[in-house]
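Taking this note's numbering, the leading residue of the sequence shown gets 159, the next gets one more, and so forth. C-beta atoms are modelled at their ideal positions from N, C-alpha and C, and glycine is treated no differently. First up is the structure itself, then whatever we jot down about it.
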Amino acid sequence: MMIPPSIEQSTKEERRAYVLDEWKCLHNCELCGKCHVLKGQDVEVLYADYIEGLRSYMDVTIDIRNRSY
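So, in structure tokens, the structure goes:
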């Protein structure tokens, strides 16, 4: 796992590319768990605040993991 690009030192396109790469489907649902974390939602929508440079990757990730729906 790479370190997410900092908001201050990256472009919107670099942050979007990072999110898409980190959350790409591995086609191994039993071992991966990414779909379970995302709960069927689009990763670009979930990480929109990070992609737009409004919140850190970690802050968004923590919110995603803590949601109950």
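- Here the region 202-213 makes contact with the region 173-185; the two share three or more CB pairs at distances below 8 Å.
- Remark: fewer than three beta-carbon pairs, one from each stretch, lie closer than 8 Å, so the region 163-177 and the region 187-195 are not flagged as touching.
- If only uninterrupted alpha helix (DSSP H) runs of at least 4 residues are considered, those enclosed by the region 165-212 are 170-180, 187-190, 192-196, 201-204 and 206-209.
- For Met-216, the enclosing alpha helix (DSSP H) has its first and last residue at 215-224.
- When the five nearest sequence neighbours on each side are left out, no beta carbon in the same chain lies closer than 6 Å to the beta carbon of Ile-220.
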